[in-house]
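Peer 1:
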Amino acid sequence: MKSNLLESIGLQNSIATKKYNFKYKNNRDKIGSDMKNFLAESNLNPKIIFTAIQTHSNNVVDAKGGDDFIYGKIISNVDGLVTNDRDTALVIKFADCTPVVLYDPIKKVQASVHSGWRGTSTKISEIAIEKLISDYNSKREDMYAFIGPSIDFNLYEVGSDVYDEFKHFKNRDIFFKRESENKFKLNMKLANEVLLLQNGILKKHIEVSKENTYSNLNLHSARRDGINYGLNAIVTLIK
723 MKSNLLESIG LQNSIATKKY NFKYKNNRDK IGSDMKNFLA ESNLNPKIIF
773 TAIQTHSNNV VDAKGGDDFI YGKIISNVDG LVTNDRDTAL VIKFADCTPV
823 VLYDPIKKVQ ASVHSGWRGT STKISEIAIE KLISDYNSKR EDMYAFIGPS
873 IDFNLYEVGS DVYDEFKHFK NRDIFFKRES ENKFKLNMKL ANEVLLLQNG
923 ILKKHIEVSK ENTYSNLNLH SARRDGINYG LNAIVTLIK
């Protein structure tokens, strides 16, 4: 499972499914071998791997420094990683939240973010775009994006508290569907696509995954699997 669009312009990528589990809490003994086997299966051969202790923030940082981890380096309290190093793979984990990957094939720089409803409401993809522009001289029209698998729209019910967190979006009702006075369905893929378009990413440069985490039993889903859910991962590496 991958983004063919990003692959075609020079960003290798692969999505690890339920065959693997990248949730440290319930797979610490196997997480290293899972990453090794997944990389081999995906024909990815990075010299270094960066991942994050994701906290549903909108913090986006360069993949530098960090602490030693089982399969590479890990940075605390971030949900977005950026690199222009061809030897560095980025790893973002997700269950029902939305992974969003940005790539500029001109400047050869990538960003990978974990965008749940909190990250989306606080515009983590916008922050990543702005970082590519300010720190790497990217142009919006040169960027490509992949919106990865996330929870099915018709199965993602949220309350009015979540709806209210998107009040600064002028067009939030495009991706919310009201079910009752205090219940809504939230389309996370569409919310992220709207955010990308509002930030100047061309529609023809955006690929949206057709896969959904809840209904696809080959993917981990927090809402479906309950307290012992696992984590999928998307690994990206510049060719």
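In my numbering, each residue's number is its place in the sequence shown (first place is 1) plus 722. Every residue, glycine too, gets a C-beta built ideally from N, C-alpha and C.
#1: Would you list the residues sitting across from Arg-900 in a DSSP beta bridge?
#2: Roughly how many angstroms separate the alpha carbons of Val-813 and Lys-905, rounded to a whole number?
#3: According to DSSP, simplified to helix, strand and coil, what is Ala-817?
#4: Can you give me the Cβ contacts of Phe-760 inside the same chain, cut-off strictly under 6 Å, excluding the 5 residues immediately before and after it?
#5: Can you give the Cα-Cα distance for Val-835 and Pro-821, rounded to whole angstroms?
#6: Measure how close the beta-carbons of Asp-883 and Ile-828 come, nearest whole angstrom, since I'm counting them as under 8 Å.
#7: DSSP has Ile-775 in a bridge; who is on the other side?
#8: Pairing CB atoms from the stretch 848–855 with CB atoms from the stretch 884–902, are three or more of them under 8 Å?
#9: In terms of DSSP beta bridges, what is Gly-881 paired with?
#10: Can you confirm whether the stretch 868–878 touches the stretch 937–946 when touching is taken to mean that 3 or more C-beta pairs between the two stretches lie within less than 8 Å?
#11: In this structure, what does DSSP give as the bridge partners for Thr-810?
#12: Leaving out five residues before and five after Arg-808 in sequence, what residues of the same chain have Cβ atoms less than 6 Å from its Cβ?
#13: Can you tell me whether Asn-781 is buried or exposed? The criterion is at least 16 other CB atoms within 10 Å of its CB, across all chains shown.
#14: Can you tell me the Cα-Cα spacing of Lys-795 and Glu-901, whole angstroms?
#15: On a Cα-Cα basis, can you pick out the residue from Leu-953, Leu-824, Thr-958, Val-800 that is closest to His-927?
#16: Compare the Cα-Cα distances from Trp-839 to each of Asn-914, Ala-955, Ile-923 and report the closest residue.
#17: Report the partner residues of Phe-791 according to the DSSP bridge assignment.
#18: What did DSSP end up calling Asn-934 once you bin it into helix, strand or coil?
#19: Name the DSSP bridge partner or partners of Val-957?
#20: Are Tyr-816 and Ile-797 touching if we call contact CB-CB under 8 Å?
#21: For Tyr-793, collect the residues of the same chain with a Cβ closer than 6 Å to its Cβ; drop the 5 residues on either side in sequence, then sort them by chain order.
Peer 2: Answer, in terms of the structure:
#1: Phe-906
#2: 33 Å
#3: coil
#4: Counting only Cβ-Cβ distances below 6 Å, and skipping sequence neighbours, we find Ala-738, Tyr-742.
#5: 6 Å
#6: Contact flag wrong, Cβ pair sits at about 41 Å.
#7: Ser-798
#8: no
#9: Lys-905
#10: yes
#11: Ile-770
#12: Ile-960
#13: buried
#14: 43 Å
#15: Leu-824
#16: Asn-914
#17: Gly-794
#18: Secondary structure of Asn-934 (DSSP, three-state): strand.
#19: Ser-736, Val-813
#20: For the sequence presented, residue 816 should be read as Phe rather than Tyr. No, Cβ-Cβ distance for Phe-816 and Ile-797 is not below 8 Å.
#21: Gly-754, Met-757, Ile-771
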